[in-house]
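K.L.:
Here the numbering used here is used: the first residue of the sequence shown is 128, the next is one more, and so on.
Here a beta-carbon is modelled for each residue, glycine too, at the ideal position from N, C-alpha and C.
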Amino acid sequence: MRGVMQIHTLDKAGVINELKFGIGISQAVEQGRRADFSLLLSMFSNDVRDCTPIDTLQVIETSEDRLRNQFGVAEPQQLRSTQSSYEISAQQSDHFHQASLASAKLSHYLKPEALAFRPEDTADFPEEVYQNLSGHDRRKLANKHVPDLPHATLYNALSTAQRQYQIQAQV
């Protein structure tokens with residue numbers, strides 16, 4: 128009866144991983160106490176969910192815009208120019224001529240200009256390539272928003288062919 132009572136007490140002890148034993152297990156190894164070491168190992172749980180310390184972490188959703196506002200960081204430098212990019216460049220040029228290079232740099236750091244000034248309405252082609260295109264190709268690129276669907280008339284052609292077949296079958 129006493130052996131059953133000890134086992135039952137050990138089950139309720141909740142000693143399931145090495146963190147609960149502290150330095151007892153390492154002392155058993157250092158002092159060569161194999162029996163104590165094997166007894167302590169036998170009390171570990173075989174279930175990995177018991178052995179893995181789980182700390183709940185609160186995941187805070189952060190976005191780039193929120194972090195920029197929190198730390199007061201300016202907007203990222205644009206890669207490509209837009210209509211507002213020319214105004215920003217003109218302001219920085221004015222700062223350079225009115226004050227100095229330091230003023231132009233400060234203006235650039237506060238509101239960076241675009242890295243590349245590409246021509247607009249050239250379908251992302253360099254200007255030299257766009258100018259070498261024929262007028263037909265330029266019109267085709269300008270009307271790029273209208274999709275070129277060769278199969279858009281397929282339904283009409285199939286239904287017309289079916290009706291003509293039905294008319295010929297009746298004659």
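From what residue to what residue does the alpha helix (DSSP H) around ALA155 run?
P.N.:
As a working note, residue 155 is residue 28 in the sequence shown. ALA155 -> alpha helix (DSSP H) spans 151-157.
K.L.:
Evaluate SER234 with the Cβ neighbour count: other Cβ atoms within 10 Å of its Cβ, from every protein chain shown; 16 or more gives buried, anything less gives exposed.
P.N.:
One-based indexing of the sequence shown puts residue 234 at position 107. Buried.
K.L.:
Please report the distance separating the alpha-carbon of GLU247 from that of GLN289.
P.N.:
In the sequence shown, residue 247 corresponds to position 120, counting from 1. In the sequence shown, residue 289 corresponds to position 162, counting from 1. Each residue's alpha carbon lies about 48 angstroms from the other.
K.L.:
What is the rounded straight-line gap between the Cα of SER212 and the Cα of VAL186?
P.N.:
On the sequence shown, residue 212 is found 85 positions in, with the first residue counted as 1. On the sequence shown, residue 186 is found 59 positions in, with the first residue counted as 1. The C-alpha of SER212 lies about 37 angstroms from the C-alpha of VAL186.
K.L.:
Under a three-way DSSP split, which group does TYR292 fall into?
P.N.:
Here residue 292 is taken as the residue at index 165 of the sequence shown, counted from 1. In this structure, TYR292 counts as helix in the three-state DSSP scheme.
K.L.:
For GLY262, report the span of its alpha helix (DSSP H) as first-last.
P.N.:
What you label residue 262 is simply residue 135 of the sequence shown in a count that begins at 1. The continuous alpha helix (DSSP H) containing GLY262 extends over residues 262-269.
K.L.:
Leaving out five residues on either side along the sequence, give the residues of the same chain with a beta carbon under 6 angstroms from the beta carbon of THR189.
P.N.:
The count along the sequence shown starts at 1 and reaches residue 189 at position 62. Answer for THR189: no residue qualifies.
K.L.:
Ends of the alpha helix (DSSP H) at GLU214?
P.N.:
On the sequence shown, position 87 is the one that residue 214 refers to. Unbroken alpha helix (DSSP H) run through GLU214: 210-225.
K.L.:
How far does the alpha helix (DSSP H) with GLN197 in it extend, from its first residue to its last?
P.N.:
Counting from one through the sequence shown, the residue named residue 197 turns up at place 70. Where GLN197 is concerned, the enclosing alpha helix (DSSP H) stretches over 191-198.
K.L.:
For LEU167 and LEU184, what's the separation of their Cα atoms in angstroms?
P.N.:
If you number the sequence shown from 1, residue 167 lands on position 40. If you number the sequence shown from 1, residue 184 lands on position 57. Looking at the two C-alpha atoms, the distance is approximately 31 angstroms.
K.L.:
Within 10 angstroms of the Cβ of GLU240, are there 16 or more other Cβ atoms? Answer buried if so, exposed if not.
P.N.:
Position 113 of the sequence shown, counting from 1, holds the residue named residue 240. GLU240 is buried by the Cβ-count criterion.
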